[in-house]
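Let me begin by presenting the structure, written as structure tokens, before commenting on it.
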Amino acid sequence: MVDYHLHTSRCGHAQGNPAAYLAVAVEKGLSEIGFADHFPLELLGFTPQEPVTMQAAELDAYVNEIKQLQKQADIAVKLAVEVDYFPGKESRTKDVLSTYEFDYIIGSVHYLDDWDFTHPALQKRFDEVNIDEIYQQYFTLIQQLALSGIFDVVGHLDVIKKFSYFPRHDWSFLVEETCRILKKADICVEVNTSGWRAPVKEVYPGVFFLSKCQEMNIPVTLGSDAHRPQEVASGFQWAKLILSKLGFKEIATFSARKRTMRPLL
Numbered sequence: 093m094v095d096y097h098l099h100t101s102r103c104g105h106a107q108g109n110p111a112a113y114l115a116v117a118v119e120k121g122l123s124e125i126g127f128a129d130h131f132p133l134e135l136l137g138f139t140p141q142e143p144v145t146m147q148a149a150e151l152d153a154y155v156n157e158i159k160q161l162q163k164q165a166d167i168a169v170k171l172a173v174e175v176d177y178f179p180g181k182e183s184r185t186k187d188v189l190s191t192y193e194f195d196y197i198i199g200s201v202h203y204l205d206d207w208d209f210t211h212p213a214l215q216k217r218f219d220e221v222n223i224d225e226i227y228q229q230y231f232t233l234i235q236q237l238a239l240s241g242i243f244d245v246v247g248h249l250d251v252i253k254k255f256s257y258f259p260r261h262d263w264s265f266l267v268e269e270t271c272r273i274l275k276k277a278d279i280c281v282e283v284n285t286s287g288w289r290a291p292v293k294e295v296y297p298g299v300f301f302l303s304k305c306q307e308m309n310i311p312v313t314l315g316s317d318a319h320r321p322q323e324v325a326s327g328f329q330w331a332k333l334i335l336s337k338l339g340f341k342e343i344a345t346f347s348a349r350k351r352t353m354r355p356l357l
């Protein structure tokens, strides 16, 4: 089993060094892990209100630390990053990422304009907006992310639901429309178990979303989005059960940006 979404203290809001995450992964019997710390927003030309990603000055040290761990580890360790998608910054994003040899790149949407809608301190803004319009805006960005060709994996696909704000009207059309785009883009979807640790208490993406992914044969992989070593593989037993019941037989793994499907064990 793999956990492809691990953070470290370098991102500024997580705890623990890579070796600590590796130790827990080995203890839990994982065969492969991937570190995907938050790529520096400043390199993408965006200045957040609070430090929520790795600083640019630390990026090379992060890369070297993971590469060193790869040489020492008894299980496979992959080097990756989680990168925020911003429309209009695709060329810049490609350029800065091309400098490094990552095994895979997770693309995520955390911002609607300058609003970090995943930040607990900013969640009240949901009470001030049209939720249906916000969902449409969010999934439009997800679709653009997928079609950009920059990313290998879509991170926490429906994280817009994190604080349990849902559209007033049926939004299944957004799910189906997004899945058609994901299929066209041939991009992998992350089954992110951190949703069970969030107020919404649901996996990202939800079961209906995952069922559509399975129907369209969209590949999936697993990530805990661990921000503390003890969160490695958190909720994986439930995620595996859901995937099996929906008919998934395989999960995606990556090496040097190449995807390989392996049995869901």
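With the working numbering as the guide, the letters of the sequence shown map in order to residues 93 to 357. Backbone N, C-alpha and C fix where the C-beta goes; we use that ideal spot for every residue, glycine too. Small disclaimer: the values here were computed from a predicted structure and weren't measured.
Handout entry: Distance, leucine 133 Cα to leucine 266 Cα
Key = 28 Å
Exercise for the section: Following the continuous beta strand (DSSP E) through proline 344, name the residue where it begins and the one where it ends. Expected result: According to the sequence as given, residue 344 is alanine; it is not proline. Segment 342-347, the beta strand (DSSP E) holding alanine 344.
Handout entry: Residues that DSSP places opposite tryptophan 207 in a beta bridge
Key = Leu204
Problem - Span separating the alpha-carbon of proline 355 from that of isoleucine 343 - result: 6 Å
Problem - Residues sharing a beta bridge with lysine 337, DSSP - result: Its beta-bridge partners do not exist; DSSP assigns none.
Handout entry: Top-ranked residue by Cα proximity to glycine 327, from Ser303, Thr285, Ile226
Key = Thr285
Problem - Residue range of the unbroken beta strand (DSSP E) whose run includes alanine 168 - result: 168-176
Handout entry: Inter-residue CB distance, valine 116 and valine 324 (contact presumed, cutoff 8 Å)
Key = 4 Å
Problem - histidine 202 versus tyrosine 296 - alpha carbon distance - result: 14 Å
Handout entry: alanine 238 in three-state terms, based on DSSP
Key = helix
Problem - isoleucine 234 versus alanine 112: straight-line alpha-carbon distance, rounded - result: 32 Å
Handout entry: Rounded distance between the beta-carbons of arginine 320 and glutamine 107, thought under 8 Å
Key = 5 Å
Problem - Chain-order list of residues whose beta-carbon lies under 6 Å from that of leucine 237 (same chain, five-residue window excluded) - result: Tyr177, Gly199
Problem - Local conformation of phenylalanine 194 per DSSP, three classes - result: coil
Exercise for the section: Give the straight-line distance between the Cα atoms of lysine 101 and valine 221, rounded to the nearest whole angstrom. Expected result: Per the sequence presented here, residue 101 reads as serine, with lysine not at that position. The alpha-carbon atoms of serine 101 and valine 221 are separated by roughly 33 Å.
Practice task
Mark alanine 318 as exposed unless 16 or more other C-beta atoms lie within 10 angstroms of its C-beta, in which case mark it buried.
Solution key: buried
Practice task
In angstroms with no decimal places, state the Cα-to-Cα distance between valine 175 and leucine 333.
Solution key: 29 Å
Exercise for the section: Classify valine 281 as buried or exposed, calling it buried when 16 or more other Cβ atoms lie within 10 Å of its own Cβ. Expected result: buried
Exercise for the section: Measure the C-alpha to C-alpha separation of aspartate 129 and methionine 146 and round it to an integer number of angstroms. Expected result: 7 Å
Exercise for the section: Taking only the alpha-carbon atoms, compute the straight-line gap between histidine 97 and arginine 260 and give it to the nearest angstrom. Expected result: 31 Å
Exercise for the section: Report the option in Val245, Gly241, Val173 whose CA atom is closest to the CA atom of threonine 352. Expected result: Val245
Practice task
Identify whether asparagine 156 lies in helix, strand or coil by the three-state DSSP scheme.
Solution key: helix
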